[in-house]
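Below you'll find the structure, written out as structure tokens, and then a few comments.
In the numbering used here, the protein residues as written are 1 to 192.
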């Protein structure tokens, strides 16, 4: 398996220049970057080992997402809202060059999952679970809680459904509509 040094030797540059091509390409002149990339392709070098980056930076380059509830990942994938949520978070991570890590946890394991997840921060779907908030705070990693009023010192995102409904009704009545139907996903399993 080729190394940074092997690519540097093949391209006639230092190991540090090869590292910059992969980690900070804006620092390397375009023609030099192309030469290093060509040497890397010829040697079959796909880039630096992520473990080395972890040792150097102390970061995993990953955001952990823990949905609410036991067996949460499976439930999220069954829900249209959950799938859209994961898709949106995933696209945002892609744009930021960050990995999305789905962190599962049943009622018995979620605190251990928070403690042990190899991530740089969390998106927590457990609204207002004080134990989970405490576990995340102990890690000293940034986190945000979805659909929660956990307090002024806790980063949270919450949709104001009531104001949204009022705005929708005002808009529709302003257009002259007088009869409405509400379509929603079922929030609990089983028959209605």
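Note that the Cβ used here is the ideal one computed from N, Cα and C, for glycine as well.
Model, not experiment: these values are computed from the prediction.
Check whether residue i and residue j have beta carbons under 9 Å apart
i: residue 105; j: residue 66; result: yes
i: residue 180; j: residue 166; result: no
i: residue 140; j: residue 115; result: no
i: residue 143; j: residue 159; result: no
i: residue 63; j: residue 89; result: yes
i: residue 125; j: residue 68; result: yes
i: residue 103; j: residue 45; result: no
Counted within 10 angstroms of its Cβ, other Cβ atoms place residue i as buried (16 or more) or exposed
i: residue 135; result: buried
i: residue 209; result: Because the chain spans 1 through 192 in this model, residue 209 falls outside it and cannot be assessed.
i: residue 91; result: exposed
i: residue 130; result: exposed
i: residue 4; result: buried
i: residue 17; result: buried
i: residue 184; result: exposed
i: residue 14; result: exposed
i: residue 176; result: exposed
i: residue 174; result: exposed
i: residue 182; result: exposed
Range covered by the beta strand (DSSP E) that runs through residue i
i: residue 122; result: 121 to 124
i: residue 100; result: 99 to 102
i: residue 145; result: 143 to 146
Whole-Å CB distance - residue i paired with residue j, under 8 Å assumed
i: residue 155; j: residue 98; result: No, residue 155 and residue 98 are not in contact; Cβ-Cβ is about 17 Å, not under 8 Å.
i: residue 112; j: residue 101; result: 15 Å between Cβ atoms; not a contact.
i: residue 2; j: residue 43; result: 4 Å
i: residue 110; j: residue 132; result: 6 Å
i: residue 22; j: residue 47; result: 5 Å
i: residue 157; j: residue 146; result: 6 Å
i: residue 35; j: residue 11; result: 5 Å
Where the alpha helix (DSSP H) containing residue i begins and where it ends
i: residue 62; result: Unbroken run through residue 62 is the beta strand (DSSP E), 62 to 66; no alpha helix (DSSP H).
i: residue 22; result: 15 to 23
i: residue 54; result: 50 to 57
i: residue 116; result: 110 to 116
i: residue 135; result: 130 to 139
i: residue 41; result: 30 to 43
i: residue 183; result: From DSSP, residue 183 is part of no alpha helix (DSSP H); its letter is neither H nor E.
i: residue 4; result: 4 to 11
i: residue 171; result: 161 to 174
Extract the residue ranges of the alpha helix (DSSP H) inside the segment 75 to 101, only unbroken runs of 4 or more that lie entirely within it. Here the runs fully enclosed are 80 to 96.
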